[in-house]
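Colleague:
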Amino acid sequence: YGVLYSGDGKLLLVQICGILWIIGWVSAIMTPYFHLLNMLGLFRVDALDEEVGLDISHHKGAAYDLSGPTDDAKEAFELSTSQRKVEVPEAATA
Numbered sequence: 262y263g264v265l266y267s268g269d270g271k272l273l274l275v276q277i278c279g280i281l282w283i284i285g286w287v288s289a290i291m292t293p294y295f296h297l298l299n300m301l302g303l304f305r306v307d308a309l310d311e312e313v314g315l316d317i318s319h320h321k322g323a324a325y326d327l328s329g330p331t332d333d334a335k336e337a338f339e340l341s342t343s344q345r346k347v348e349v350p351e352a353a354t355a
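Quick note: to get the numbering used here, add 261 to the position in the sequence shown (first position is 1).
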């Protein structure tokens, strides 16, 4: 049952071997891919694009509107929530 249950470290050793196998497999598969991207110049963006932010440089706009809602939008939301009615269904008589 592993080192925590029986004091035998076989299960823990198998788990560590599995983790090392996965790390090796991913490294062997992805390292040539990353080297190819780096040789083609596609691995990183330009320093200016990175400084400005990819949302603005690639998509021509910010990802998040951090200015918050306008006062008109707040009033419209409060009005719409105040006019909502919750109807409770009547209990069925048995």
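Cβ atoms here follow ideal geometry from the backbone N, Cα and C, with glycine treated the same way. In this text, all values refer to a predicted model and were calculated from it rather than measured experimentally.
By the three-class DSSP mapping on this structure, what secondary structure does residue 292 have?
Modeller: Helix.
Colleague: With DSSP run on the structure shown, which of helix, strand or coil describes residue 312?
Modeller: Helix at residue 312.
Colleague: Thinking C-beta only, is residue 326 closer than 8 Å to residue 318?
Modeller: Not in contact: residue 318 and residue 326 (Cβ atoms no closer than 8 Å).
Colleague: Classify residue 285 as helix, strand or coil using the three-state DSSP reduction.
Modeller: Helix, per DSSP.
Colleague: Please state whether DSSP places residue 322 in a helix, a strand or coil.
Modeller: Note: residue 322 maps to coil in three-state DSSP.
Colleague: Is residue 262 helix, strand or coil when you go by DSSP?
Modeller: Because residue 262 sits at a pLDDT of 48, beneath the cut-off of 50, its placement in the model cannot be relied upon, and the point is left open.
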